[in-house]
Amino acid sequence: MSTSPYIRPGAEHLLEDLNSAQRAAVTHDARALLVVAGAGTGKTRALTRRVAWLITQGLPPHAVLAITFTNKAADELKRRLVTLPGGGGVWAGTFHGFGSFLLRRHGDAVGIDPRFTILDRDDQLSVLKAIYKDLDIEKGVLRPVDALAMISHRKNGGGGRPPIDLTMPGVAFIFDQLHDAYVERLRGADLLDFDDLLLDSVRLLEECDDVAALYRERFAHVLVDEYQDTNLVQRDLLRHLVGPHQRITVVGDPDQSIYRWRGAVVRNILDFGEDFEGAEQVLLERNYRSTGHILGAAEAVIERNRERHAKRLYTEREDGQRVLLTRCRDAEDEGRAVAAQVETWVRQGRRHDQIAVFYRINALSRGIELALNDRRIPYVIVAGTEFFQRREVKDVLSYARLIANPRDEAAFTRIVNVPRRGVGATSIQRLRDFALARELALTDAAPRAEEAGVSKRARGGLQRLLELFAKVRAMPRAPVAPILEALLEGSGYRATLEDSADDLDRSRLENVDELVAYAREFDAKEASGDLQSFLERAALVSDQDGYVGESGRVSLMSVHAAKGLEFPCVLIAGAEMGYFPHARSLGEDAGEEEERRLFYVAMTRAQDELAVSHAVRRQTYMGEEHRAPSPYILDIPEDRLERRDLATWSGASSLFDQPSATGYAPPPDDDVSVVRETGLGLEVGERVLHPYFGPGRLEEVGGGGADARVTVDFDVHGRKQLLLRHARLERLS
DNA sequence: GGAAAGACATTTTTT
DNA sequence: ATGTCTTTCC
C-alpha cells in the first residue's frame, strides 16, 4: 500500500484522529481507489477528509468533482470544506444534479434545449396516461406504472429482471407504442426524466469530444460516495468523464446496496478494478458505531450472502445489551410493544430523538403511529408524502414550470383546469388531438382553441390562463418569490384555497405559503439563482434531504430512508416473511440477497440498543394472514438474542407492563437429521417439519447445491417456496 | 362540464 | 382501509 511520500505542512491535523486504514484511504495516491467501507466505519469522514487532504496537497478545489447520493450529503460535504482555503470551489452534488449541470450548459450540442424541464415520477405518469388516451390504449393489458417501470428499466441499460413480461400476448406491441410515443413526447416538449439526465449526459460526452475534453481537463479528481448504489449508466458516465490523466476515488459498501430495483448493480463496486485501470483498494473494517452484540448479530445475518466482498467488521466496544426479539400476536400488539419499548428506553434516560423505528414498507407506519399516539409519544415520520410531492406544491411548481418552459406538457395538463376554469377533459382532449395532428406544443395549440373545436366556455378559461402567462413571462426570472406570488394571485389558486371550507385546503394553503417562503429563502441565499435553478432544486431534492435530527421526537421511517443515518436505539418492526424478505422479491436470488442487505442496513443503524419485532398474524387488505418470522432472525446467534413472546395465550397484554418477561423456547437446533446445503436425503412427497411453518409435504425440489429451493405445502400455512439453504427442514418419518 | 357516489384495485423500496 | 378511477346524474 503506497501513501503519499510527504505531507505538506498544515495537513497533519486532517489525519490526527484517524485509524491507519482511514489514513490510507485519505492519503492513498492510487489513480483509481476503491474504499470499501463497512457500516459505521467512518466512510463519510474518510471521504470528506480525502477531499480536504487533496486540496491541502495542492489540488485546486474547482478541480474536484464530488458526487454523493443525496443533496444533503453534498451540502454536508460543502459545509465541511468551507473552512478550508478555497474549499468552497468544489463541485459537489448528486449524479442527477451533475447531469443537469452538464446538459444545461452543453445540451444543445446533442439537441437538447437548455431550458428543459425535469420530470418526476408523477409527471412521467401523467404524460404516459395522456398517451394511453391519445393512442386509445386500454390500461387492462399493461398498467401505466408497469409500462413506466419498463421504460426506465430499458433506459438504465437493462440489468436484472425486467419489470414486465414482454412475452405476454399483446404486451410487447403495446409497450413499443407507448415507449416510442413517450420518448418522442418528452423530446418534443423539452422534458427530461431522471434517467434522461444521466443517459443524455453520457451521450453528450460520447458524441462531443470537445465537451468531454473540457471536463476531463477541469476535473482532475472525481470522488463518488455510495458507489454500491450506482447503475450502469452512472458507471458509464464516470468512465467517460475520467480520462487517463485523471483520478477517481469511490467509496461504498456492497453489503449496503439496496437500490437494485432502481437499476443499481452491486457488480459496479465488485468490478471496480476491471472498470478502472490501476485500481487499488482500502478496506475500512473497524466499526465505531455499534455494540458487540449488535454488530455480531448483523454480521451473522449478512455472512449468508454469496455475492459479497470479503470483509469482516469488528468493534472495540463492549457487547452491550443483547438484541431484543419480540414475537407479537398481531400488528396491534406490535405497535404496543414498540411504544412500550420506547417508554422503557426513555425511562432509562434516552431522549425521544435518539430512538428510531424502521419498517420495510411505509404502510406499516400506521399501526405504530396509532400506538405512539395512544401513549402520547412524540414522533416524526421521515419521508412518506414529501413536501415537494404534495399536490398543491406540485400545482404551484407546474405554473412556474410553464413560465420557464412554455412547452412543458406535463405541467400544462396538470394545471390547465386547476383551479376550475371550465376546461374539462373533453376540451383538453380536443386540444391535444389538434396539437398532435399538427405537431404543436399544447401551449401553442391553446391560442387556436377555436380551430380545435373547443367550446366557448373553455376558450374563455384558456384565454385567461394565457394572459396570465404572458404577464408573468414579462417579469424578470429572479427573484423567484414574486413570480410565484403573481401566479398564485393571477390564477386564483390562492383565492380558491382561501375560500374553501375544507380542512384539507387549509393545510394546503399553509403548504403553498411554505413554498413561497422557501422561494424567498432561495432568493436570499442564492445570489445567482433564477427561476430555472429554483425549479431544478425542487425537482432534485429527495426525501432523505429533509431529515433533521434533534427534533425531540421518535423517528419513523422505511429502511431505505434510514440509509446513512444512525441512532442510539433502533426498533425494526415487521421482521416477518413477506416483509423481510418482501414477498415480491421471492424466487429471485439477487432479490433475496438484497432483502438480506436491507435487513443488515437496518440493524447496523443501531448504536447501543436494537429491538426487532414480528407479528404472527397480520391484517392485510385481503384479510388475515399468518406470518412466519423473518428467516434473517434465525441467523442471529442465540447468545446475542433476548427473546420475548407476547403471542402466547396467557395474559399477553399484561406483559406490556413488565418488559422483562420470560422468553420462549428457541427453535430446535440443527441436530436431528437437519438437511442443509444440499437436497440430499429429501424426496418429493416426503413429510417434513419446518421450525416455524410446522409440518407439511415436500412438493418440489428445484436447482442444485446451495441454491436449491424447495416447494413445501404446509398443513397450516399453505404452499411456500423456500431456499433449502435457509429452510432448516427436518424429515418427519 | 362538474360534482357526487360508487367501484376498484392497491401495498416495496425512490433519485 | 384508502385513495384513485369510473360512472351517474344534474
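The numbering used here numbers the first residue of the first sequence as 1 and each following residue consecutively. Quick reminder that beta carbons are idealized off the backbone N, C-alpha and C, glycines included.
(message) Could you tell me the alpha carbon to alpha carbon distance between D102 and E207, rounded to whole angstroms?
(response) The sequence given here has Leu at residue 102, not Asp. Taking C-alpha positions only, L102 is separated from E207 by approximately 13 Å.
(message) Here's the rule: buried if 16 or more other CB atoms are within 10 angstroms of the residue's CB, otherwise exposed. What is I361?
(response) Exposed, because fewer than 16 other Cβ atoms sit within 10 Å of the Cβ of I361.
(message) L232 and G157 - do their beta-carbons sit closer together than 9 Å?
(response) Taking 9 Å as the Cβ cut-off, G157 and L232 qualify as a contacting pair.
(request) Leaving aside the five residues before and after L597 along the sequence, list all residues of the same chain whose C-beta is less than 8 Å from its C-beta, in chain order. (result) Correcting the residue identity first, residue 597 is Arg in this sequence and not Leu. Correct list, in chain order: D255, Q256, S257, I258, I302, N305.
(request) From the DSSP output, read off the bridge partner residues of V36. (result) G252, L283.
(message) Just to check my reading of the structure: G278 and R31 have Cβ atoms closer than 8 Å, yes? What is that Cβ distance to the nearest angstrom?
(response) Yes, they are in contact, since the Cβ atoms of G278 and R31 sit about 5 Å apart, within 8 Å.
(request) Check V672 in the structure and name its three-state DSSP category. (result) For V672, the pLDDT reaches just 24, beneath the cut-off of 50, and the residue's location in the model is therefore unreliable, although a value from the coordinates is still provided. DSSP, reduced to helix, strand and coil, places V672 outside both helices and strands of the structure shown, so it counts as coil.
(request) Any chance you could list the alpha helix (DSSP H) runs of at least 4 consecutive residues sitting entirely within the stretch 453-532, in chain order? (result) Entirely contained in the stretch 453-532, the alpha helix (DSSP H) runs reaching 4 residues are, in chain order, 456-473, 480-491, 493-499, 503-525.
(request) Go ahead and label R155 buried or exposed: buried means 16 or more other beta carbons lie within 10 angstroms of its beta carbon, across all protein chains shown. (result) Note on identity: in this sequence residue 155 is Lys, with Arg being the wrong assignment. With 16 or more other Cβ atoms within 10 Å, it is buried.
(message) Considering Cα atoms alone, identify which of V90, V26, D195, L142 is closest to P169.
(response) Ranking V90, V26, D195, L142 by Cα distance to P169 puts L142 first.
(message) Measuring straight from C-alpha to C-alpha, what distance separates L44 and A298?
(response) Checking the displayed sequence, the identity of residue 44 turns out to be Thr instead of Leu. Going by C-alpha positions, T44 is about 21 Å away from A298.
(message) Contact defined as beta carbons within less than 8 Å: I believe S491 pairs with L468. What is the distance between those atoms, to the nearest angstrom?
(response) Between L468 and S491 the Cβ distance is about 6 Å, and since that is below 8 Å, they are a contact.
(message) Would you call the stretch 559-576 in contact with the stretch 597-614, where contact means no fewer than 3 C-beta pairs closer than 8 Å?
(response) Counting Cβ pairs under 8 Å, three or more are found: they touch.
(request) Evaluate D275 with the Cβ neighbour count: other Cβ atoms within 10 Å of its Cβ, from every protein chain shown; 16 or more gives buried, anything less gives exposed. (result) It is buried - the Cβ of D275 has at least 16 other Cβ atoms within 10 Å.
(request) Report the residue from A441, P60, S455 whose alpha carbon sits nearest the alpha carbon of R421. (result) That would be S455, whose Cα lies nearest to the Cα of R421.
(message) Check for me: the beta strand (DSSP E) holding G623 runs from which residue to which?
(response) Note, G623: beta strand (DSSP E), 623-626.
(message) Here's a check: name, in chain order, each residue in its chain whose Cβ is nearer than 6 Å to the Cβ of A445, leaving out the five neighbours to either side.
(response) Here A445 has L431, F434, A435 as same chain residues with Cβ atoms under 6 Å from its own Cβ, once five neighbours each way along the sequence are excluded.
(message) So A743 and D395 are supposed to be a Cβ contact under 8 Å. How far apart are they, rounded?
(response) Outside the displayed range of the chain (1 to 733) lies residue 743, so it cannot be described from this structure.
(request) For L734, count neighbouring Cβ atoms within 10 angstroms of its own Cβ and tell me buried if that reaches 16, exposed if not. (result) Only positions 1 to 733 of the chain appear in the structure, and residue 734 is not among them; the question remains open.
(message) Buried or exposed for A495, going by 16 or more other Cβ atoms inside 10 Å?
(response) Per the 10 Å Cβ criterion, exposed.
(request) Confirm, please, whether the CB-CB distance from V684 to E700 is below 9 Å. (result) Cβ atoms of E700 and V684: closer than 9 Å.
(message) Within a Cβ cutoff of 6 Å, which residues of the same chain sit near P15, ignoring the five residues on either side of it in sequence?
(response) Per the sequence shown, the amino acid found at residue 15 is Leu instead of Pro. R23, listed in sequence order.
(request) Could you please give the first and the last residue of the uninterrupted alpha helix (DSSP H) stretch that includes Q234? (result) 232-241 is the extent of the alpha helix (DSSP H) around Q234.
(message) Which complete alpha helix (DSSP H) runs does the stretch 12-74 hold, if anything under 4 residues is left out?
(response) Note on the stretch 12-74: whole alpha helix (DSSP H) runs with a minimum of 4 residues are 20-27, 43-56, in chain order.
(message) Please state whether the Cβ-Cβ distance between L284 and A73 is less than 9 Å.
(response) It is not a contact, given that the beta carbons lie outside the stated cut-off.
(message) Distance check for D195 and D75, CA to CA, integer angstroms please.
(response) C-alpha of D75 to C-alpha of D195: approximately 23 Å in a straight line.
(request) Under 8 Å Cβ to Cβ from T83, same chain only, skipping five residues before and after it: list those, please. (result) Taken in chain order, the list of residues that qualify is empty.
(request) Determine the burial state of G623: buried for a count of at least 16 other Cβ atoms within 10 Å of its Cβ, exposed for fewer. (result) Exposed: under 16 other Cβ atoms inside 10 Å.
(message) Can you tell me whether D713 is helix, strand or coil according to DSSP?
(response) D713 falls in the strand class under three-state DSSP.
(message) Between which two residues does the alpha helix (DSSP H) holding M603 run?
(response) Run containing M603: 589-603, per the alpha helix (DSSP H) assignment.
(message) Going by DSSP, what residue range makes up the beta strand (DSSP E) through H221?
(response) That run of the beta strand (DSSP E) goes 221-224.
(request) Pull up the distance between the alpha-carbon of A11 and that of V35, whole angstroms please. (result) Looking at the two C-alpha atoms, the distance is approximately 21 Å.
(request) Flag this pair as yes or no: are the beta carbons of V110 and L186 separated by less than 9 Å? (result) With respect to L186, V110 sits apart: the two C-beta atoms are not nearer than 9 Å.
(request) Would you list the one or two residues that DSSP bridges to E700? (result) According to DSSP, E700 bridges with T711.
(message) Measuring straight from C-alpha to C-alpha, what distance separates Q429 and A130?
(response) Cα to Cα, the separation comes out at about 9 Å.
(request) To the nearest angstrom, report how far apart L199 and R390 are at their CA atoms. (result) One C-alpha to the other measures close to 28 Å.
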